[in-house]
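Beneath this line is the structure, given in structure tokens, with notes to follow.
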Ligand SMILES: Nc1ncnc2c1ncn2[C@@H]1O[C@H](COP(=O)(O)OP(=O)(O)OP(=O)(O)O)[C@@H](O)[C@H]1O
Ligand SMILES: [Mg+2]
């Protein structure tokens, strides 16, 4: 890839650095009662939301990082801080050695941002015109522009909507066009906030392929938020969990499973509707003669369990599989929900 | 920097042209509607001037010149900023500043260029220029180079005053995104509804108010008085540009403050409507 105009950036090392980042917002809390109209006007009540409470992490060049957490955890806020739209209340945010807010104009030329719920496309123009607009405003050299348009067409399938007005695109087509557009200037870092919103299975897959292809070059760093854990697990080697503004987990998916219970499943098909009782395995449910068990952490001895089951009734078929990552995450969220101190947002 | 601005203007002109070419019928429709509105906006004053042979101390031709000046002063901001700066409260109130912040250029550069819609503007310019030329010829107005310079300065001043005034009100949307979403549009209306009237008959208090608090007098009345010799002081020629400069400074300062605040509180509201045509 051509990086001659990106002098002064080391080829490896830390590119994103957040140190004790806090972000608080004030939200108006008007009372709905008619008799409070005057009070709402004169003494509006506010609630302070701590969207981020001292979050610290670093990301190295070439990493693909999943940024996950429940609704309202502070993901979009983090992405806005990282893309120069918001300043932290306290703490420091440095990306590519720059302060995203203070050095904004220089900085945003080197990053790409996609918000799934927003579009950068020109509504009443074909996708091609929006791309041309981007070329001029971002000052993209012709060669790079043509090459990246090719990538958008070939991998994301933007070609089919090339001459269609943005307002006539379907949600998924629009999203793909937006992703392609964010890539046109070959950003060094991509911040994607729920980029797979509305994408069908194939489109998601091509998105994943694109991110993998980009990260394979080792020079593009990607930070992506999503609620689709399977997709995140495929995309990213590392996941950062954020919960109520706190960093709750930072590591790879394998350790996440290990740490929060690698819930494996054992499915037995027997000749009886009564499930065999297996100490150490928790029965999830039975469907006819199929019985599903949840196995505890990595150490469950499947062979011993099978022997035990065989002593109670004939076992006709056996399946084991890992619990879907969604289930692991749901467990984690539930756990957080129970342990959250009252009154926090 | 100038080269970049020109390049961006060319880009937006191209987009504007594409838009019109693609949907020529709606363009004609919009344009006719605009033309009717423009004519309607000056018709009342024009008829009065015709009926009473002027509105003292203005002669009929001077009134026509004033109307033309007001139209042109309105259409320059329209051409450059109808889509953004004249309605900045929409951008701010709808949370759409983020779209500007992701562009690798200063915010002022984006605002200065992004609203450029020459094809809309140019056509609408014609009636205003026509009125001025026609009235000027009938009055035997001598367009000497110094006069032309003063004219250009005053026209730029009137345009800038309108833009800055709309923007100044618009910054209220930093604080009340929902309630103030359309406030810039109201400020523009306030200015342009009054722009075609010779205001001499008003009392001094009202007159002062109309060049300061609601500077609608700066749109045409005050500059034309100076340009057509109804006010002989040389200072009068400079008053409009100076007032406009002051308004622009105030707008820039307020905007900077607003942007500082924006970086802290962000926008609690977002609608995609209308940020890209
Ligand atoms: N501009 C703002 N003004 C006031 N409060 C805000 C603002 N932006 C975000 N918040 C609040 O900050 C918290 C974090 O919001 P954020 O959008 O970052 O969540 P998120 O993790 O992206 O959630 P989701 O998964 O639903 O997108 C929320 O409680 C939200 O109400
Ligand atoms: Mg979000």
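Residue numbers (the working numbering), protein chains in the order written: chain A, 228 to 572; chain B, 246 to 522.
All C-beta atoms in this analysis are idealised placements derived from N, C-alpha and C, irrespective of residue type, glycine included.
Reducing DSSP to helix, strand and coil, say where residue i ends up.
| i | result |
| --- | --- |
| residue 416 of chain A | strand |
| residue 303 of chain B | strand |
| residue 273 of chain A | strand |
| residue 440 of chain A | helix |
| residue 314 of chain A | coil |
| residue 228 of chain A | The predicted position of residue 228 of chain A is uncertain, since its pLDDT is 40 and thus under 50; a value taken from the coordinates is nonetheless stated next. Looking at residue 228 of chain A - three-state DSSP - the assignment turns out to be coil, as it is neither helix nor strand. |
| residue 405 of chain B | helix |
| residue 420 of chain B | coil |
| residue 336 of chain A | coil |
| residue 460 of chain A | helix |
| residue 338 of chain B | helix |
| residue 290 of chain B | helix |
| residue 252 of chain B | helix |
| residue 545 of chain B | Only positions 246 to 522 of chain B appear in the structure, and residue 545 of chain B is not among them; the question remains open. |
| residue 295 of chain B | helix |
| residue 375 of chain B | helix |
| residue 566 of chain A | helix |
| residue 572 of chain A | Note that residue 572 of chain A scores 39 on pLDDT, short of 50, meaning its location in the model is unreliable; the coordinates nonetheless yield the value given after this. Residue 572 of chain A: coil per DSSP, three-state reduction. |
| residue 255 of chain A | strand |
| residue 521 of chain B | coil |
| residue 549 of chain A | strand |
| residue 261 of chain B | helix |
| residue 410 of chain B | helix |
| residue 361 of chain B | coil |
| residue 234 of chain A | Low per-residue confidence applies at residue 234 of chain A: pLDDT is 45, beneath 50, and the placement is therefore not dependable enough to give any value. |
| residue 387 of chain B | coil |
| residue 530 of chain A | helix |
| residue 598 of chain A | Outside the displayed span of chain A (228 to 572) sits residue 598 of chain A, for which this structure offers no information. |
| residue 305 of chain A | helix |
| residue 400 of chain B | helix |
| residue 268 of chain B | coil |
| residue 316 of chain B | helix |
| residue 260 of chain A | coil |
| residue 424 of chain A | coil |
| residue 515 of chain B | coil |
| residue 415 of chain B | helix |
Going by DSSP, which residues form a beta bridge with residue i?
| i | result |
| --- | --- |
| residue 513 of chain A | A/518 |
| residue 544 of chain A | A/496 |
| residue 589 of chain A | An answer regarding residue 589 of chain A cannot be provided, because it is not within the stretch 228 to 572 covered by chain A. |
| residue 429 of chain A | Residue 429 of chain A pairs with nothing; no bridge assigned. |
| residue 319 of chain A | A/246 |
| residue 382 of chain B | Beta-bridge pairing links residue 382 of chain B to no other residue. |
| residue 508 of chain A | A/522 |
| residue 279 of chain A | A/250 |
| residue 325 of chain A | A/322 |
| residue 284 of chain A | A/245 |
| residue 449 of chain A | A/291 and A/417 |
Would you mind listing the beta strand (DSSP E) stretches within the region 476 to 506 of chain A that are 3+ residues and don't spill past its ends, in chain order?
491 to 497
Beta carbon shell of ligand 2 at less than 7 Å from a heavy atom:
A/302, A/303, A/420, A/421 and A/452
Runs of alpha helix (DSSP H) wholly within the region 423 to 493 of chain B (minimum 4 residues, chain order):
With a minimum length of 4 residues, the continuous alpha helix (DSSP H) runs that stay inside the region 423 to 493 of chain B are 428 to 438, 449 to 454 and 466 to 472.
If you pair each beta-carbon of the region 349 to 365 of chain B with each one of the region 447 to 459 of chain B, do three or more pairs fall below 8 Å?
no
Which ranges does the alpha helix (DSSP H) cover as unbroken runs of at least 4 residues, wholly within the region 340 to 418 of chain A, from first to last along the chain?
354 to 365, 369 to 383 and 398 to 410
Below 8 Å, how does it come out for the region 422 to 434 of chain A and the region 275 to 290 of chain A: are there three or more Cβ pairs, yes or no?
no
With three or more beta-carbon pairs closer than 8 Å as the criterion, would you say the region 250 to 262 of chain A touches the region 323 to 332 of chain A?
no
Three Cβ pairs or more, each shorter than 8 Å: is that satisfied between the region 327 to 340 of chain B and the region 429 to 446 of chain B?
yes
Within the chosen definition, does the region 549 to 560 of chain A reach the region 475 to 492 of chain A through at least 3 CB pairs nearer than 8 Å?
At 8 Å Cβ cutoff, the stretches touch.
The region 502 to 512 of chain A contacting the region 444 to 459 of chain A, beta-carbon criterion three pairs below 8 Å
no
Are the region 343 to 362 of chain A and the region 306 to 315 of chain A touching, with three or more C-beta to C-beta distances below 8 Å?
Result no; under three Cβ-Cβ pairs closer than 8 Å.
For the region 457 to 467 of chain B against the region 313 to 326 of chain B, are there 3 or more C-beta pairs whose distance is under 8 Å?
yes
Would the region 413 to 423 of chain B and the region 386 to 394 of chain B be scored as touching if the rule is three or more Cβ pairs under 8 Å?
Contact between the region 413 to 423 of chain B and the region 386 to 394 of chain B is absent, because fewer than three Cβ pairs lie under 8 Å.
Three Cβ pairs or more, each shorter than 8 Å: is that satisfied between the region 381 to 400 of chain A and the region 318 to 326 of chain A?
no
Quick check: the region 289 to 303 of chain A against the region 440 to 456 of chain A, are at least 3 beta-carbon pairs closer than 8 Å?
yes
Does the region 399 to 418 of chain A come close enough to the region 343 to 363 of chain A that 3 or more CB-CB pairs lie under 8 Å?
yes
Would you call the region 483 to 490 of chain B and the region 401 to 408 of chain B in contact, with 3 or more CB pairs under 8 Å?
Flag = yes, the region 483 to 490 of chain B and the region 401 to 408 of chain B touch.
Counting pairs of beta carbons, one from the region 295 to 304 of chain A and one from the region 322 to 329 of chain B, are three or more of them closer than 8 Å?
In this structure the region 295 to 304 of chain A does not lie against the region 322 to 329 of chain B, because fewer than three pairs of beta carbons, one per stretch, are closer than 8 Å.
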